[in-house]
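Notes follow once the structure below has been shown.
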Amino acid sequence: MRNNIKESLVSCVEQLDEENSIRLAKEALDDGIDPIYLLDLMNEGMKRVGILYDCRDYFIADLIMAGLIFRQILELEEMTDFFHRTYDKKSGKIVIGTVKGDIHDIGKDIFRYMLEAYGFDVIDLGVDVSREIFVKNVEKHNPDILALSGVLTSTVDEMKEVVNSMVEAHLRDKVKIIIGANHLTQDAFRFIGADGFATDASVGAKLCREWVNAGNGQGVEGNG
Ligand code: B12
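The sequence shown maps to residues 486 to 709 in this note's numbering.
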């Protein structure tokens, strides 16, 4: 893919130019770009949108537009084809959701598509998921892994509460917990008490696959 197309794609997303963002993404896919790399470029555009929002040049409507553009690119046929090819026949079972107070779901969905590609049976609880719902679904589905997404920095405390709820429900030693978001650090990870964390969906998905393949014990730390 030519460098100017890369930069144009990132800046079209930044400028919320829906038509050209989608056109360039299609062109890049036709050119044979790695879909994961395309997601990285989109992410870069989203970060720039976030900065403009921070500077008050953009407003909430602009965040909504950015989300719609990303979603449309994620749903292009070439992208869904990529995620629908399955590498492994049968992996494990995973329950995922964005924690209470947060309705961002694009990163969670990318993580989910990657796990599905790895052959995981995924139970997606959606966004703004309460501790009680996480506990109920871990009891019901008995997954190998529980995955928590939380893009807002304020979700650190809620993630910790979800982990605590698993302890209280006597489920903590039955399920491995991975947490994921851009803002997560080693300190936040330790505070929350999960088994692994990643700032990048593909790093997190690989870690989950390692856990299940190894059928292993405690404390693997992944990060992005
Ligand atoms: C689009 C967007 C929205 C859309 C979301 C649409 C949707 N369907 O998700 C909407 C309009 C709903 C929205 C709302 C809000 N948003 Co917003 N939003 C964004 C924006 C521009 C892009 C987010 C995005 O989709 N990025 C692309 C995806 C791919 O990235 P991602 O979600 O981070 O996922 C990556 C990793 O985090 C990781 N990952 C994510 N989940 C998981 C899970 C696991 C298990 C693993 C392993 C990995 C993983 O993998 C992905 C990369 O591979 C960001 C800017 C930014 N810098 O990200 C702001 C941003 C996240 N929003 C922000 C804010 C403030 C808000 C609002 C509070 C605004 C308001 N005043 O109402 C509300 C919050 C509503 C709520 N209660 O949740 C802030 C958060 C600041 C903070 N410190 O917490 C940001 C950073 C913008 C900014 N710079 O100020 N937003």
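C-beta atoms are modelled at their ideal positions from N, C-alpha and C, and glycine is treated no differently.
Alpha-carbon spacing of residue i relative to residue j, whole angstroms
| i | j | result |
| --- | --- | --- |
| Asp609 | Ile664 | 14 Å |
| Asp502 | Ser650 | 43 Å |
| Val607 | Lys511 | 28 Å |
| Arg657 | Ser496 | 44 Å |
| Asn708 | Ile507 | No answer about Asn708 holds up, because its pLDDT of 49 lies below 50 and its placement is not dependable. |
| Gly678 | His668 | 16 Å |
| Glu560 | Arg597 | 14 Å |
| Arg675 | Lys645 | 10 Å |
| Thr670 | Ile595 | 20 Å |
| Ile618 | Asp542 | 37 Å |
| Ile545 | Gly611 | 21 Å |
| Asp539 | Arg556 | 22 Å |
| Lys593 | Tyr603 | 15 Å |
| Glu504 | Asp547 | 15 Å |
| Asn698 | Gln500 | 43 Å |
| Asp516 | Phe567 | 15 Å |
| Val524 | His626 | Checking the sequence shown, residue 524 turns out to be Leu, not Val. Distance between the alpha carbons of Leu524 and His626 is about 31 Å. |
| Thr565 | Val620 | 31 Å |
| Glu688 | Ile558 | Glu is not the amino acid found at residue 688; the sequence shown has Val there. Rounded to whole angstroms, Val688 to Ile558 spans 21 Å at the Cα level. |
| Pro520 | Thr638 | 27 Å |
| Ala632 | Asn489 | 37 Å |
| Leu509 | Ile518 | 11 Å |
Contact check, residue i vs residue j, beta carbons under 8 Å
| i | j | result |
| --- | --- | --- |
| His569 | Val636 | no |
| Ser634 | Ile581 | yes |
| Thr640 | Asp613 | no |
| Ile630 | Ile579 | yes |
| Leu494 | Glu563 | no |
| Met599 | Ala683 | no |
| Ile591 | Gly535 | no |
| Ser537 | Lys491 | The residue asked about is misnamed: residue 537 is Leu in this sequence, not Ser. No, the Cβ-Cβ distance between Leu537 and Lys491 is not below 8 Å. |
| Glu624 | Ala654 | yes |
| Val652 | Arg616 | no |
Proximity to residue i [Cα-Cα], best of the options
| i | options | result |
| --- | --- | --- |
| Asn528 | Arg675, Asp672, Ala666 and Leu633 | Ala666 |
| Asp642 | Gly517, Gly611 and Gly586 | Gly586 |
| Trp457 | Ala686, Ser687, Asp685 and Gly681 | Only positions 486 to 709 of the chain appear in the structure, and residue 457 is not among them; the question remains open. |
| Gly700 | Ile549, Pro628 and Ala673 | Pro628 |
| Arg694 | Gly577, Ile591, Val623 and Arg616 | Gly577 |
| Asn622 | Val660, Gly552 and Ala690 | Val660 |
| Gly532 | Asp519, Ser615 and Val498 | It should be noted that the sequence gives Lys, not Gly, for residue 532. Per the Cα distances, Val498. |
| Lys691 | Thr638, Glu601 and Ser615 | Glu601 |
| Met550 | Thr638, Phe567, Thr565 and Gly530 | Gly530 |
8 Å Cβ cutoff, residue i in contact with chain C
| i | result |
| --- | --- |
| Ser634 | Among the chains in the structure shown there is no chain C, since it carries only a single protein chain. |
Ranges of the alpha helix (DSSP H) found wholly within the segment 551 to 601, counting only runs of at least 4 = The DSSP assignment places complete alpha helix (DSSP H) segments of no fewer than 4 residues inside the segment 551 to 601 at 562 to 569, in order along the chain.
Considering only residues of the segment 494 to 545, which uninterrupted alpha helix (DSSP H) runs meet the minimum length of 4 residues and lie entirely inside it, listed in chain order?
-> As far as the segment 494 to 545 is concerned, its whole alpha helix (DSSP H) runs of at least 4 residues are 503 to 515 and 520 to 539.
Go through the segment 634 to 696 residue by residue and report every complete run of the alpha helix (DSSP H) that reaches 4 residues or more, in order.
-> Counting only runs that start and end inside the segment 634 to 696, the alpha helix (DSSP H) elements of at least 4 residues fall at 640 to 653 and 671 to 677.
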